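A.B. asks:
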Amino acid sequence: MSEKKRRFYIRTFGCQMNESDSERISGLLARAGAVKSERPEEADLIIVNTCAVREKSEQKLLSYLGRLAQIRNKRNVRVAVVGCVAQLRGWELLGKAAAVDFVLGPDNTAELLTLMQEGAPQKHVSTSRSKEWPETPPGLIQRDSQFSGYVTVMEGCDNFCAYCIVPYTRGREKYRPLRSVLEEVRDLAGKGYLEAQLLGQNVNSYLDPDTGRQFPDLLKEVAAVQGIEWIRFLTSHPRNFRPEIVETMAGTRKVCRELHLPLQSGSTAVLKRMRRGYTREAYLDIVSRLRRLMPGINLSTDIIVGFPGETDRNFEETIEVLRQVRFSNLFSFRYSPRPLTEASKLEDSVPKEVKQRRLEEVQRLQREIQLEDHSRLVGQTMRVLCQGRSRKTPQLFSGRNEGNQVVNFRSDEDSTGRFAEVRITGCGPFSLLGEKTS
Ligand code: SAM
Ligand code: SF4
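First residue of the sequence shown: 121, per the working numbering; consecutive thereafter.
#1: Please confirm whether any heavy atom of the ligand SF4 lies closer than 7 Å to the CB of N324.
#2: Closest by CA to T247, which one among L185, L232, G239 and P258?
#3: Any chance the region 474 to 492 sits against the region 203 to 210, with 3 or more Cβ pairs inside 8 Å?
#4: With a cut-off of 8 Å, do at least 3 Cβ pairs link the region 313 to 323 to the region 349 to 356?
#5: Are the Cβ atoms of I348 and A316 separated by less than 8 Å?
#6: Cβ atoms of R396 and R359: under 8 Å apart, would you say?
#7: So what's D422 in DSSP terms, helix, strand or just coil?
#8: How about N279: is its Cβ closer than 7 Å to a heavy atom in the ligand SF4?
#9: Taking the alpha-carbon of F128 as reference, which of E139, L148 and E467 has the nearest alpha-carbon?
#10: Can you give me the C-alpha to C-alpha distance between R412 and G386, rounded to a whole angstrom?
#11: Residues bridged to A200 by DSSP?
#12: Between the Cα of E437 and the Cα atoms of S268, E481, I406 and P457, which residue gives the shortest distance?
#13: Considering K124, what are the terminal residues of the beta strand (DSSP E) in which it resides?
#14: What is the DSSP secondary structure of R377, reduced to helix, strand or coil?
#15: Apart from the five residues just before and just after R144, which ones in its own chain have a Cβ nearer than 6 Å to its Cβ?
#16: Is the beta carbon of T331 sitting closer than 8 Å to the one on R296?
#17: Exposed or buried, which one is S122 when buried takes at least 16 other CB atoms within 10 Å?
#18: Could you give the residue range of the alpha helix (DSSP H) that holds A389?
#19: Pick out whichever of Q486, C277, F453 and S464 has its Cα sitting closest to the Cα of V474.
#20: Short of 7 Å in beta carbon distance, which residues of its chain neighbour L188, apart from the five on each side in sequence? Order them along the chain.
#21: What are the boundary residues of the alpha helix (DSSP H) that I145 is part of?
#22: By Cβ distance below 6 Å, which residues in the same chain neighbour D422 in space, the five residues on each side in sequence not counted?
#23: How about V498 and T545: are their beta carbons less than 8 Å apart?
#24: Let me confirm a value: F427 is counted as buried when at least 16 other C-beta atoms fall within 10 Å, else exposed. Which label applies?
#25: Nearer than 7 Å: is that true of the beta carbon of C135 relative to any heavy atom of the ligand SF4?
#26: Return yes when the C-beta of T132 is under 7 Å from any heavy atom of the ligand SAM, and no when it is not.
#27: Can T272 be considered in contact with the ligand SAM, in the sense that its beta carbon sits closer than 7 Å to one or more heavy atoms?
#28: Counting pairs of beta carbons, one from the region 453 to 468 and one from the region 514 to 528, are three or more of them closer than 8 Å?
#29: Counting only runs that start and end within the region 477 to 554, where is the beta strand (DSSP E) found for 3 or more residues in a row?
#30: Check the C-beta distance from V202 over to N169 and give it rounded, since I have them as a contact under 8 Å.
#31: Measure from the alpha carbon of Q346 to the alpha carbon of each residue in K374, E378, S140 and E541, then state which is nearest.
#32: Buried or exposed for N521, going by 16 or more other Cβ atoms inside 10 Å?
#33: I need the DSSP call for I439, collapsed to helix, strand or coil.
#34: Would you grab the beta carbon distance between S183 and F133 for me? Rounded to a whole angstrom, and I think it's under 8 Å.
#35: Looking only at C-alpha atoms, which of K311, Q384 and E555 sits nearest to M502?
#36: Assuming A463 and P471 form a contact by the criterion Cβ under 8 Å, report the distance between their Cβ atoms to the nearest whole angstrom.
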């Protein structure tokens, strides 16, 4: 690194895994003496961490790169595209977007350390795969939050759902040694963090490479770390969400009473074509078990509408499951054909307008359900981990309750980074409103 401190800016598209990767990249560069910048206009290196899950995510990236080209025309700045689109498109990206200098797949981001230095090559592409878990010394990660920390426990996916590009961009599953996970969680606790969020594309298939211990053991070990009060994890897959995991959650009080369990479709026929590996009934059985052992647990999900061949009746079955389960939050997507996937070989048979109509129906129903379920919480007092002032309404504070619902609240005191007891006084479909009581 040269005498003058190099400045980098990082923009993240996509899921929590990407946010977590960006925090690791920031830590890596900061340890080498570089300084994180809040504005791309001030940086020597702009890093764009990308998502390839839907076509729209790639389009958003290209339009962002178009905007960066304007900055790049005015001053000497290098642009690195990293993550899933980098892995998928490789050299092709250099031809597609003039603003791009470096392209690095998810396993190659440590190369930014050399590419940051003066005298780095003009153009560079690296998308090689590694089977090893990258060494992540505790304390390396530069986190955005001072009280809730992402901890990646596994990477990649072996499931090959018919629509999904992730196994091709993130590669096969690899697991972080339990010892390394625990070092990281202890480091968080030592710094006063109250919440750990364990991340992976498919966390419930976790297997410690050193000892063969599985996800329930990981949960118990993390829960034994003093200081961490709330534990969340995502994403879980219904295919291997074994009863033992439900029992461990129920028996481990620090594990928050909420679970993100992607359903994708309520039709067994569609699930089969999606290669999800479970039926509607098997999914509903998991829900019953969760609710039996943890009454009141909040469940959230992902839904894809318009998968090839999805009929009106198939879609109706999804609506039925949404009415039955009453998810507390839902992410819905129009099916988007992705390169390399099995479904991309099928005809994208559901017309765009039908996909749009189905998407709107799912979202309308979900809004109704959330509003009704939120109204039932009015009058209750709940624990909220305060994240700071609400961005939309700065006179309120904002945080999440144990069930992962957003709670905006009035308070005379700033409890950012701490728990607050909040009495719920009102609600909308997407958040609760309250007053701090203590
Ligand atoms: N591993 C998780 C799981 O098992 O569902 C999800 C990972 S994926 C990044 C997040 C969500 O994106 C999926 O749950 C799915 O609903 C959605 N998704 C993935 N591929 C898609 C596609 N081709 N079209 C539309 N939505 C898609
Ligand atoms: Fe994609 Fe399926 Fe793996 Fe989730 S489980 S990342 S949807 S292939």
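Cβ atoms here follow ideal geometry from the backbone N, Cα and C, with glycine treated the same way. Predicted, not measured: the structure shown is a model, and the values here were computed from it.
C.D. replies: Once the coordinates are examined:
#1: Answer for N324: no, Cβ out of range of the ligand SF4.
#2: Answer by Cα proximity: L232.
#3: Taking 8 Å as the limit for Cβ pairs, the verdict is that the region 203 to 210 does not touch the region 474 to 492.
#4: At 8 Å Cβ cutoff, the stretches touch.
#5: Contact check for I348 against A316 passes: the beta carbons are separated by less than 8 Å.
#6: yes
#7: Looking at D422 - three-state DSSP - the assignment turns out to be strand.
#8: yes
#9: With respect to the C-alpha of F128, the residue from E139, L148 and E467 having the closest C-alpha is L148.
#10: Computed Cα separation, rounded: 21 Å.
#11: I167 and F222
#12: E481
#13: In this chain, K124 is not harboured by any beta strand (DSSP E), its DSSP state being neither H nor E.
#14: In this structure, R377 counts as coil in the three-state DSSP scheme.
#15: I261
#16: no
#17: With a pLDDT of only 46 at S122, under 50, the local geometry of the prediction cannot be trusted, and the value read off the model is given with reservation. Exposed, because fewer than 16 other Cβ atoms sit within 10 Å of the Cβ of S122.
#18: T388 to R393
#19: Ranking the options by Cα distance to V474, first place goes to F453.
#20: P160, I166, V199 and A219
#21: Q136 to R151
#22: Exclusion of the five residues before and after D422 leaves P382 and F451 as the residues of its chain whose Cβ lies within less than 6 Å of its Cβ.
#23: yes
#24: buried
#25: C135: no, Cβ never under 7 Å from the ligand SF4.
#26: no
#27: For T272, the Cβ stays outside the 7 Å cut-off from all heavy atoms of the ligand SAM.
#28: no
#29: 501 to 509, 517 to 521, 526 to 530 and 539 to 547
#30: Contact flag correct, Cβ pair sits at about 5 Å.
#31: Answer by Cα proximity: K374.
#32: Flag for N521 reads buried.
#33: helix
#34: About 11 Å separates the two Cβ atoms, so there is no contact after all.
#35: Comparing Cα positions, the closest option is E555.
#36: So it is not a contact: roughly 17 Å between Cβ atoms.
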